[in-house]
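Accompanying notes for the structure given below.
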Amino acid sequence: MPVPIICLTNGRPDCIAKTIPSAIAHLTGVSSMVIVDDSGDDVYGQWLEDEYVGGPWDTKVLHLPAPHGYWRAMQAVWALARHWDEPAFAFWEDDFVLTEDVDLDELAEVLDARRDLMQMALLRQPWFTNEVEHGGLIEALEAQGQRFTECTNGRQWWIEHRAVFTGNPCLIPRRTLEHDWPEGDWSESRFGRHLFQNPHARAAYWGRRTDPPRVEHIGDARVGSGY
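Structure, rendered in structure tokens:
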């Protein structure tokens with residue numbers, strides 16, 4: 001079943017101008033898209049309307065009334081996703097491009113079967129210094145003592161872990177929305193720690209350990225508060 005996608009942006013036209021076309025070109029299993037605009041910039045907001053409203057995913061733009069910063073913007077994302085009452089939604093930040101085709105129906109199938117999974121993310125390239133030094137995001141987390149397990153149902157593969165909840169491109173099942181997004185700094189890290197208080201909770205990256213990253217992070221400069 002196709003799922004809606006939310007793209008969070010806070011004022012980087014150079015990034016989102018690559019991100020949205022890449023998603024449309026490479027993603028299947030999408031029913032509709034809402035761009036959540038946390039820029040507080042009327043000019044940027046109008047540009048989003050002119051450039052992206054309508055289109056193949058019947059895109060709409062939700063303008064937050066003022067720059068909220070990351071945790072408040074994520075609470076707005078949570079409120080929107082809860083309002084839809086869909087079994088899952090895709091979440092995208094405005095500075096990621098796909099490097100290959102991805103069928104969200106396949107990710108949703110695994111999330112539906114594995115009820116302990118709180119998200120299915122797409123792996124990005126090593127970005128931070130420790131990730132580059134260790135040769136990958138997963139390898140850097142393993143060096144910190146985290147465990148990653150490759151799983152399969154015979155047709156699909158994914159890598160389960162209890163290391164992080166990530167705001168990188170992912171599919172999030174409705175059960176995750178039962179948990180409120182926290183206030184304050186480092187909200188993403190704290191949300192993950194909250195989820196993993198449940199000893200059965202897991203997250204996952206799509207694919208096998210030997211697969212190359214499926215998304216590329218292109219956002220060299222941070223914009224906004226807490227991003």
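Everything in the sequence shown is counted per UniProt numbering, starting at 1 for the first residue and increasing by one. For every residue, glycine included, the Cβ atom is placed at its ideal position computed from N, Cα and C. For clarity, every value in this text was computed on a predicted model and none was experimentally measured.
Among the options, which has the Cα closest to the Cα of residue i?
i: residue 146; options: 92, 135, 154, 160; result: 160
i: residue 124; options: 60, 138, 188; result: 138
i: residue 176; options: 37, 111, 21; result: 111
i: residue 39; options: 47, 131, 141; result: 47
i: residue 109; options: 168, 155, 130, 193; result: 155
i: residue 172; options: 106, 157, 117, 59; result: 117
i: residue 66; options: 82, 87, 54, 44; result: 44
i: residue 143; options: 131, 53, 91; result: 131
i: residue 212; options: 126, 174, 152; result: 126
i: residue 93; options: 197, 10, 203; result: 10
i: residue 174; options: 70, 25, 119; result: 119
i: residue 83; options: 70, 50, 34, 106; result: 34
i: residue 13; options: 49, 26, 60; result: 49
Taking only beta-carbon atoms, is residue i less than 8 Å away from chain B?
i: residue 84; result: Of the protein chains in the structure, only one exists, and it is not chain B.
Assign residue i to one of two classes, buried (16 or more other C-beta atoms within 10 Å of its C-beta) or exposed (fewer than that).
i: residue 113; result: exposed
i: residue 100; result: exposed
i: residue 19; result: buried
i: residue 28; result: exposed
i: residue 199; result: exposed
Alpha carbon to alpha carbon, how far is residue j from residue i? Give it in angstroms, no decimals.
i: residue 103; j: residue 201; result: 24 Å
i: residue 183; j: residue 190; result: 9 Å
i: residue 165; j: residue 42; result: 32 Å
i: residue 85; j: residue 1; result: 14 Å
i: residue 7; j: residue 148; result: 28 Å
i: residue 150; j: residue 115; result: 17 Å
i: residue 163; j: residue 68; result: 27 Å
i: residue 22; j: residue 167; result: 18 Å
i: residue 78; j: residue 181; result: 7 Å
i: residue 157; j: residue 210; result: 11 Å
i: residue 53; j: residue 219; result: 23 Å
i: residue 71; j: residue 192; result: 13 Å
Is the CB-CB distance between residue i and residue j below 8 Å?
i: residue 215; j: residue 96; result: yes
i: residue 128; j: residue 5; result: no
i: residue 80; j: residue 64; result: no
i: residue 195; j: residue 179; result: yes
i: residue 57; j: residue 36; result: no
i: residue 73; j: residue 205; result: no
i: residue 91; j: residue 170; result: yes
Would you list the one or two residues that DSSP bridges to residue i?
i: residue 202; result: 117
i: residue 126; result: According to DSSP, residue 126 bridges with nothing at all.
i: residue 60; result: 34
i: residue 148; result: 161
i: residue 191; result: Partner(s): none; residue 191 has no beta bridge.
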